[in-house]
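Chains as they are written, first to last, in this note's numbering: chain A, 2 to 93; chain B, 63 to 296. Written out below as structure tokens is the structure these notes cover.
This is how it looks when you write it as structure tokens:
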């Protein structure tokens, strides 16, 4: 099983109200070193078998047409990653 | 006072205001035709309303998944052919995701859900949905949204202003941070209109916002529906 990761972020010029709210909460928990937070989305697209160049290209197209709205968001990253990546282990 | 105008009202999974929209169509003298998201057949309607709600739970982005529903392909084709389409709230979000209208909606700048009676000024009375209003007229209709902040790049905003395509603007208070107080816009042809506030909730005495005749007497929204019926039969 292969996995493609697509990362989507709000465009830099678009106000990110959620990131701003998180940024406001951090100092209350003692994290005063961060001056700004922006919140984006990570999509994990899984396929049977290997992640080929064609699959990466299809993931890029899906990123541009469905997973992001180009008016307010940018696809910042599309890459293959092993299906047993650290995100599987998170929380264990 | 049935006019014979058939106005389709689309139901997506998570749509909330389809019944109110259908009732508004009937009160304005039209025949409301229920359209189902999974059915590409528009059942020979003369116009379509995309009502408010939280289609697909606003997953991915508000309106993003509904845009790919079978019925939307037919609506996009018909809209490009000149059929009047009105998107209210979530319906407006669907119209931007479908690229029938420019820009997009993001979360309200203050991050809270708003629900209030909102004053608007009508700025364009040449659209299929606003021809029974007068320019600069102030109307009051309910507004309720989470992702209601209208955004677009400066070039697009200038173009909308320059071409008179801002249909309604927030007055007295901008409830969500929308650029240039924009509450609703139209396409270049004037047949597609989208707005965040809810004209379909201000169509009947006893159930609308407070009006000049007393509490809950406001019916300022009714002319959106009467306008399109007038443009279809008149």
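Yeah, the Cβ is synthetic: ideal placement off N, Cα and C, and Gly gets one too.
- In this structure, the straight-line span from the alpha carbon of residue 103 of chain B to that of residue 56 of chain A is close to 33 Å.
- Of all residues in the region 163 to 187 of chain B, only 164, 165, 166, 167, 168, 169, 170, 171, 172 and 173 come within less than 9 Å of chain A when Cβ atoms are compared, listed by chain position.
- Comparing alpha carbon positions, the residue from B/113, B/185 and B/210 closest to residue 148 of chain B is B/113.
- Sequence-ordered contacts of the region 116 to 140 of chain B with chain A read 122, 123, 126 and 130 [C-beta pairs closer than 8 Å].
- Judged by beta-carbon spacing, residue 22 of chain A lies beyond the 7 Å limit of residue 52 of chain A, meaning their Cβ atoms are not closer than that value.
- Burial state of residue 106 of chain B is exposed, judged by a 10 Å Cβ sphere holding fewer than 16 other Cβ atoms.
- Excluding five sequence positions before and after residue 76 of chain B, the CB atoms of its chain that fall closer than 7 Å to its own CB belong to 115, 116, 117, 118 and 119, given in chain order.
- Spanning the alpha carbons of residue 253 of chain B and residue 125 of chain B requires a straight line of approximately 20 Å.
- Look at the region 13 to 24 of chain A: the residues with a C-beta under 7 Å from a C-beta of chain B are 15, 16, 18, 19 and 22.
- With distances taken between CA atoms, residue 200 of chain B lies nearest to B/187 out of B/88, B/142 and B/187.
- Proximity of residue 70 of chain A to chain B, defined by a Cβ-Cβ separation below 7 Å, is satisfied.
- If you ignore the 5 residues before and after residue 251 of chain B, its C-beta comes within less than 7 Å of the C-beta of 144, all in its own chain and listed in chain order.
- Residue-level contact by beta carbon holds for residue 73 of chain A and chain B, with a gap shorter than 7 Å.
- The residues 17, 39, 41, 73 and 74, in chain order, have a CB closer than 7 Å to that of residue 11 of chain A in the same chain once the five nearest residues on each side in sequence are set aside.
- Cβ-Cβ distances below 6 Å link residue 35 of chain A to 27 in the same chain, with the five nearest sequence neighbours on each side left out; the list follows chain order.
- DSSP places residue 155 of chain B within a helical segment (H, G or I) once states are collapsed to three.
- The DSSP-derived three-state label of residue 269 of chain B is coil.
- Counting the other CB atoms within 10 Å of its CB gives residue 177 of chain B a total below 16, which places it among the exposed residues.
- Annotated three-state conformation of residue 69 of chain A is coil, per DSSP.
- Per DSSP, the continuous alpha helix (DSSP H) segment holding residue 286 of chain B begins and ends at 284 to 295.
- Looking at the DSSP output, residue 248 of chain B shares a beta bridge with B/255.
- Going by DSSP, residue 54 of chain A is part of no beta strand (DSSP E) but of the alpha helix (DSSP H) stretching over 54 to 63.
- Within the DSSP bridge table, the entry for residue 75 of chain A names A/10 as partners.
- Per DSSP, the unbroken alpha helix (DSSP H) holding residue 24 of chain A starts and ends at 18 to 26.
- Here residue 222 of chain B really is in contact with residue 247 of chain B; their C-beta atoms are around 6 Å apart, less than 8 Å.
- Counting only the Cα atoms, residue 181 of chain B lies some 11 Å from residue 273 of chain B.
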